[in-house]
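To convert a position in the sequence shown, counted from 1, into our numbering, add 857.
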Amino acid sequence: MINPANSEGINHVGVVGAGAWGTALAQTVANTGKKVTLWTRGASLAGRIELKRENAAYLPGVTLSDRIRVTHNAAELARADAILLVCPAQHLRSVLALLPLWPPVLICAKGIERSSGKLMTEVFRDKVPTSVFGMLSGPSFATEVVRGLPCAVTVASDDLEFAVCIAAALGTSSFRPYVSNDATGVAVGGAVKNVLAIACGIVEGRGYGESARAALTARGFAEMMRFAMALGARAETLTGLSGLGDLILTASSKKSRNFALGVRLAEGGLIDDMGPLAEGAASAEALVRRGQSMSVDMPISEAVAQIVSNRIGVDEAIRALLSRPFRNEF
858 MINPANSEGI
868 NHVGVVGAGA
878 WGTALAQTVA
888 NTGKKVTLWT
898 RGASLAGRIE
908 LKRENAAYLP
918 GVTLSDRIRV
928 THNAAELARA
938 DAILLVCPAQ
948 HLRSVLALLP
958 LWPPVLICAK
968 GIERSSGKLM
978 TEVFRDKVPT
988 SVFGMLSGPS
998 FATEVVRGLP
1008 CAVTVASDDL
1018 EFAVCIAAAL
1028 GTSSFRPYVS
1038 NDATGVAVGG
1048 AVKNVLAIAC
1058 GIVEGRGYGE
1068 SARAALTARG
1078 FAEMMRFAMA
1088 LGARAETLTG
1098 LSGLGDLILT
1108 ASSKKSRNFA
1118 LGVRLAEGGL
1128 IDDMGPLAEG
1138 AASAEALVRR
1148 GQSMSVDMPI
1158 SEAVAQIVSN
1168 RIGVDEAIRA
1178 LLSRPFRNEF
């Protein structure tokens, strides 16, 4: 069991990123009685949220706790006892340049860096090699977490003492963190499930039925598992909350931005017309390249990468997947 006493040194938490997930986590932490500094780019946005006590763009109708201070001044983050990094995955590297020295960090971004093919854990090690850090991931929608509905996530760090400490600091009766020391496995689950959710959304949008979606989810999970094992992750991590659990949620609900993107693509939408991309679209090509470099077979992820890069259409991708030779399941 997690010992709440382990969280006694964490009384002030910084949250980097005031999107829906960052705001929901900030509210969750504030509800434990801790001080929270919520950072966002741009003085005007920070000022509006701070003044109105509401992040109307992402979580309208939610009144922010008085314990949350919203700022655009990154220097204020240095005063926190721990930091939650909740920026988009493709921005993590640039965000890490904000401070010369980071307090202990929990990465809450899910994806693979497009330019390098690196997991969020690897990007962090590149930029801040001496700081203690961990990963948070699991099946969780911001709109549900901020309402205090029950959910469970995984908090992982190579420094297990830090994982236990930060999990105790964040945990509530409804927000349930489970601890692991397999940060790589947690990072893989959070990244790959976004790509697979796009594929499942395409199945939904084309009306292929729940049987097809279940089959695609299972075969996609096999891809996730192969990729993770090639990177040295543990199988039990991928069968847990941050792998299978998150995949089940993200690949079956239109609340998921990635699933919804797949539905729109199946209905004839073009990726160029869809505004800011879901993380799965941004990560797909890098995921496939990384898999190929390790000789990992990932046909579903490859199909998604080709679709979101406009190299092939949805129909062509589906035909290619359905014409693959029959093979052993494992």
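Ideal Cβ positions, reconstructed from N, Cα and C, are used throughout, including at glycine.
- Residue state for residue 1027 is assigned as helix, using DSSP reduced to three classes.
- Proximity to residue 977 across 890, 944 and 1103 peaks at 944, based on C-alpha coordinates.
- C-alpha of residue 949 to C-alpha of residue 923: approximately 28 Å in a straight line.
- Counting along the chain, the unbroken alpha helix (DSSP H) around residue 1040 starts and ends at 1040–1062.
- Between the alpha carbons of residue 1035 and residue 1175 lies a gap of roughly 37 Å.
- Apart from the 5 residues on each side of it in sequence, residue 959 sits with its Cβ closer than 7 Å to the Cβ of 940, 985 and 988 in its chain, given in chain order.
- Counted as a single uninterrupted DSSP element, the stretch harbouring residue 1156 is not any beta strand (DSSP E) but the alpha helix (DSSP H) occupying residues 1156–1165.
- Excluding sequence positions up to five before and after residue 927, its CB lies within less than 6 Å of the CB of 895, 903, 906 and 907, all in the same chain and listed in chain order.
- Within the same chain, and ignoring the five residues on either side of residue 1156 in sequence, the residues whose Cβ sits closer than 7 Å to its Cβ are 1178 and 1181.
- Boundaries of the beta strand (DSSP E) harbouring residue 892: 892–896, taken from the DSSP string.
- Under the DSSP assignment, residue 908 falls in the alpha helix (DSSP H) whose first and last residues are 900–909.
- Residue ranges of uninterrupted alpha helix (DSSP H) with 4 or more members, entirely inside the segment 934–966 and ordered along the chain, are 949–952.
- Look at the beta carbons and you see the segment 1045–1059 touching the segment 1114–1128: at least three pairs across the two are nearer than 8 Å.
- Between residue 1047 and residue 1112, the CB-CB gap reaches or exceeds 9 Å.
- For residue 887 against residue 893, the beta-carbon gap comes to about 5 Å, under 8 Å, which counts as contact.
- From the listed residues 880, 1161, 1006 and 975, the smallest Cα separation to residue 1135 is found for 1161.
- Per DSSP, reduced to three states, the secondary structure at residue 1068 is helical.
- Using a Cβ-Cβ distance cut-off of 8 Å, the segment 1005–1025 and the segment 1066–1077 are not in contact, since fewer than three pairs of beta carbons, one from each stretch, lie closer than that value.
- By the Cβ-count criterion, residue 1147 is buried, with 16 or more other Cβ atoms from all chains shown falling within 10 Å of its own Cβ.
- Going by DSSP, residue 928 is part of the beta strand (DSSP E) stretching over 925–928.
- Within a 10 Å sphere around the beta-carbon of residue 1017 sit fewer than 16 other beta-carbons, which makes this residue exposed.
- Residue 1031 has its alpha-carbon roughly 6 Å from the corresponding atom of residue 1005.
- DSSP links residue 969 through a beta bridge to 976.
- Take the alpha-carbon of residue 1153 and the one of residue 971: they are about 18 Å apart.
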